[in-house]
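Here is the structure we will look at.
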Amino acid sequence: VQLQASGGGLVQAGGSLRLSCTVSRNISGINARAWYRQAPGKERELVAEMVGGGLTNYGDSVKGRFTISRDIAKNTVYLQMNSLNPEDTAVYYCNVKTAYGRRYWGQGTQVTVSS
-1 VQLQASGGGL
9 VQAGGSLRLS
19 CTVSRNISGI
29 NARAWYRQAP
39 GKERELVAEM
49 VGGGLTNYGD
59 SVKGRFTISR
69 DIAKNTVYLQ
79 MNSLNPEDTA
89 VYYCNVKTAY
99 GRRYWGQGTQ
109 VTVSS
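Sequential numbering of the sequence shown, starting at -1, is according to my numbering.
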């Protein structure tokens, strides 16, 4: 498994979750790390990304609530999600892109926010 995501679950509106994605050390040349999500009947959308040394970008709907970060020693990418609302319910996928143009996807982790 190249990317292993975890941390999803069921949470009440207003609550928080932290997703983790452990990236295989076999993947070299990573220049971007990101989280995407896909809700039922909707297209996959970018939630947050971290490019290069740490420049971050967020989807409009999560700005100010979600934070992407990484632990270099653990080769892990995190998504801290605060003030969750039912519209955040989706399967969340971690993704890395390499300088060689390859993309790798995690298996997805379900996040369900109840009202």
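Even glycine gets a Cβ: it sits at the ideal position worked out from N, Cα and C. Only a predicted model underlies this, so the values are computations on that prediction, with no experimental measurement involved.
Local conformation of residue i per DSSP, three classes
i: residue 86; result: helix
i: residue 42; result: coil
i: residue 112; result: strand
i: residue 7; result: strand
i: residue 24; result: coil
i: residue 30; result: strand
i: residue 93; result: strand
i: residue 73; result: coil
i: residue 80; result: coil
i: residue 36; result: strand
i: residue 14; result: coil
Closest residue to residue i among the options (Cα-Cα distance)
i: residue 102; options: 92, 108, 109, 111; result: 92
i: residue 50; options: 107, 32, 58, 39; result: 32
i: residue 6; options: 86, 97, 113; result: 86
i: residue 72; options: 53, 80, 18; result: 18
i: residue 106; options: 79, 61, 42, 78; result: 42
i: residue 67; options: 54, 84, 60; result: 54
i: residue 81; options: 26, 9, 13, 8; result: 13
i: residue 11; options: 108, 83, 47; result: 83
i: residue 48; options: 69, 23, 59, 109; result: 69
i: residue 25; options: 108, 8, 113, 96; result: 96
i: residue 46; options: 39, 30, 40; result: 30
Residues near residue i by beta carbon distance below 6 Å, same chain, minus five either side
i: residue 37; result: 88
i: residue 63; result: 80, 81
Within 8 Å, strictly: CB atoms of residue i and residue j
i: residue -1; j: residue 75; result: no
i: residue 94; j: residue 28; result: yes
i: residue 99; j: residue 3; result: no
i: residue 35; j: residue 90; result: yes
i: residue 57; j: residue 44; result: yes
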